[in-house]
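Protein chains: 2
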Amino acid sequence: MNEHESSSALLKAAGLRATQPRLRVLSILEDSTYPLSVADIASMLKRPSVDQVTVYRTLETFVQAGIVQHLELHQGRSYFELATREHHHHLVCRSCGRVEDVEGCEMDSMEKKVVKKSKHFSTVSSHALEFFGDCKTCVQTR
Amino acid sequence: MNEHESSSALLKAAGLRATQPRLRVLSILEDSTYPLSVADIASMLKRPSVDQVTVYRTLETFVQAGIVQHLELHQGRSYFELATREHHHHLVCRSCGRVEDVEGCEMDSMEKKVVKKSKHFSTVSSHALEFFGDCKTCVQTR
DNA sequence: TAGCACTTGCAAACGGTTTGCAAGTGCTAT
DNA sequence: ATAGCACTTGCAAACCGTTTGCAAGTGCTA
Ligand SMILES: [Mn+2]
Ligand SMILES: [Mn+2]
Ligand SMILES: [Zn+2]
Ligand SMILES: [Zn+2]
Chain A
0 MNEHESSSAL
10 LKAAGLRATQ
20 PRLRVLSILE
30 DSTYPLSVAD
40 IASMLKRPSV
50 DQVTVYRTLE
60 TFVQAGIVQH
70 LELHQGRSYF
80 ELATREHHHH
90 LVCRSCGRVE
100 DVEGCEMDSM
110 EKKVVKKSKH
120 FSTVSSHALE
130 FFGDCKTCVQ
140 TR
Chain B
0 MNEHESSSAL
10 LKAAGLRATQ
20 PRLRVLSILE
30 DSTYPLSVAD
40 IASMLKRPSV
50 DQVTVYRTLE
60 TFVQAGIVQH
70 LELHQGRSYF
80 ELATREHHHH
90 LVCRSCGRVE
100 DVEGCEMDSM
110 EKKVVKKSKH
120 FSTVSSHALE
130 FFGDCKTCVQ
140 TR
């Protein structure tokens with residue numbers, strides 16, 4: 000089974016039609032080593048192009064199906080990456096936007112403390128954590 | 000020195016003119032126990048009203064002056080709170096948007112680990128951390 | 001291979017935020 | 001106290017990422 004066939008199977012297993020736009024978006028996400036914005040993905044989809052609206056809808060569909068994770072890294076823009084990875088966070092360059100994975104989350108104990116101390120909440124179901132800095136390239140250029 | 004005078008002095012110390020809109024926005028932030036959105040603040044400014052654009056510019060000015068902190072709690076909306084507080088994080092209700100402070104940040108050691116493991120970054124200057132859950136009121140209502 | 005439901009493209013709407021510009025106001029120097 | 005200027009404000013409109021409506025297109029099933 001080649002990769003096209005397996006992607007197709009993945010979509011069908013999720014109850015989704017294996018359409019051209021979906022297969023191509025999935026392939027782009029599989030090839031990327033960092034989270035991508037909708038604009039990133041749309042700009043990689045040429046010949047034939049895929050409408051940006053279709054990219055939005057495809058990603059939303061993938062999120063609902065649990066195939067993709069939606070991230071809010073900075074300034075109100077949405078980023079997406081495959082959900083097949085272990086829970087992790089990101090390190091973002093304030094200057095160029097470069098994103099690097101941060102493995103190893105140690106928030107479990109803190110979440111418990113948060114619940115214990117909270118007045119208005121009895122459960123904490125998730126958290127968002129990003130680190131910010133300037134990447135070596137940007138530090139050098141300055 | 001009453002509170003109006005001290006607010007006025009605070010602004011002047013930052014090299015800012017103590018205008019009516021600025022004094023009123025500052026007072027609203029001082030009175031709030033949780034971060035406020037621009038819409039929140041604008042809706043509290045009646046008789047006479049203050050244009051939403053002015054609220055945006057005032058908050059941006061305050062952020063530059065280090066008086067106010069800009070938070071991105073969840074997609075598409077900016078929140079602001081006084082920067083005079085100790086570093087802390089927030090617990091946000093996914094259902095109604097209620098926000099509660101979370102005191103006690105334990106990220107220092109994790110930031111060091113992140114830097115040590117990073118390939119492309121040599122410093123981490125800050126982090127954003129929010130916890131999400133459903134507040135007791137929303138859990139009950141469901 | 002035909003038919004239908006699901007999916008896509010296009011245009012337009014949306015909502016938070018930013019910008020341009022003329023009118024207004026706080027501050028400083030008289 | 002007042003005049004003058006720079007800074008600030010209000011209003012209208014632009015901006016930009018995202019969402020929605022609808023007709024045309026396409027994957028899947030029978
Ligand atoms: Mn990642
Ligand atoms: Mn707070
Ligand atoms: Zn985590
Ligand atoms: Zn912290």
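As given, the protein sequences belong to chains A and B, one line each in that order.
All letters in the first sequence, in the order written, are residues 0 to 141 by numbering that gives the first Met the number 0.
All letters in the second sequence, in the order written, are residues 0 to 141 by numbering that gives the first Met the number 0.
Cβ coordinates follow ideal geometry from the N, Cα and C atoms, glycine included.
Residue of the options minimising C-alpha distance to residue i
| i | options | result |
| --- | --- | --- |
| SER121/B | SER125/A, GLN51/A, VAL123/A, PHE131/A | PHE131/A |
| GLU85/B | TYR78/B, GLU71/B, ASP100/B | ASP100/B |
| TYR55/A | ARG46/A, LEU35/A, SER7/A | LEU35/A |
| ARG46/B | ARG23/B, MET109/B, ASP39/B, THR18/B | ARG23/B |
| GLU71/B | ALA38/A, LEU128/A, SER6/A, CYS95/A | LEU128/A |
| GLU102/B | MET109/A, ALA8/A, GLU102/A | MET109/A |
| GLY96/B | ALA13/A, HIS119/A, ARG97/A | HIS119/A |
| ALA41/A | TYR33/A, THR57/A, THR32/A | THR57/A |
| CYS134/A | ILE66/B, ASP50/B, VAL123/B, GLY65/B | VAL123/B |
| SER48/A | HIS69/A, THR32/A, ARG21/A | ARG21/A |
| GLU80/B | HIS3/B, THR136/B, VAL37/B | VAL37/B |
| THR136/B | GLN68/B, GLU4/B, SER94/B, ASP107/B | SER94/B |
| LYS11/A | ARG76/A, ILE66/A, SER117/A | ILE66/A |
| SER117/A | VAL98/B, SER117/B, ASP107/B | VAL98/B |
| THR32/A | ASP107/A, ALA82/A, THR140/A | ALA82/A |
| HIS3/A | ALA13/A, GLN19/A, GLY14/A, MET106/A | GLN19/A |
| SER125/A | ARG16/A, SER77/A, ASP107/A, ARG76/A | ASP107/A |
| ASP39/B | SER5/B, ARG76/B, GLU105/B, ARG16/B | ARG76/B |
Residues that DSSP places opposite residue i in a beta bridge
| i | result |
| --- | --- |
| VAL91/B | VAL98/B, PHE131/B |
| LEU142/B | The first residue shown for chain B is 0 and the last is 141, placing residue 142/B beyond what the model contains. |
| SER125/B | PHE131/A |
| ARG76/A | HIS73/A |
| PHE61/A | Its beta-bridge partners do not exist; DSSP assigns none. |
| LEU35/A | PHE79/A |
Is it a yes or a no for the stretch 110 to 130 of chain A touching the stretch 79 to 97 of chain B, going by three-plus beta-carbon pairs under 8 angstroms? In short, these stretches touch, since the Cβ pair count reaches three.
Just by C-beta distance, which residues in the stretch 81 to 104 of chain A are closer than 8 angstroms to chain B? Listed by position along the chain: LEU90, CYS92, ARG93, ARG97, GLU99, VAL101, GLU102, GLY103.
Contact residues within the stretch 114 to 127 of chain A, judged by C-beta distance below 9 angstroms to chain B: Residues of the stretch 114 to 127 of chain A whose Cβ lies closer than 9 angstroms to any Cβ of chain B, in chain order: VAL114, LYS116, SER117, LYS118, HIS119, PHE120, SER121, THR122, VAL123, SER124, SER125, HIS126, ALA127.
Three CB pairs or more closer than 8 angstroms across the stretch 23 to 30 of chain A and the stretch 44 to 63 of chain A: Yes, the stretch 23 to 30 of chain A touches the stretch 44 to 63 of chain A.
Against chain B: residues of the stretch 41 to 74 of chain A by CB proximity under 8 angstroms: Answer in chain order: GLU71, HIS73, GLN74.
In the stretch 128 to 139 of chain A, which residues sit with their C-beta less than 9 angstroms from some C-beta in chain B, listed in chain order? Going along the stretch 128 to 139 of chain A in chain order, one finds LEU128, GLU129, PHE130, PHE131, GLY132, ASP133, CYS134, LYS135, THR136, VAL138 with a Cβ nearer than 9 angstroms to chain B.
Beta strand (DSSP E) runs wholly inside the stretch 3 to 32 of chain B, at least 3 long, in chain order: Within the stretch 3 to 32 of chain B, there are no complete beta strand (DSSP E) runs of at least 3 residues.
The stretch 4 to 15 of chain A: positions lying closer than 8 angstroms to chain B by Cβ: Here the close residues number zero.
So if I threshold CB-CB distances at 9 angstroms, which residues from the stretch 15 to 40 of chain A count as touching chain B? Using a CB distance below 9 angstroms, no part of the stretch 15 to 40 of chain A faces chain B.
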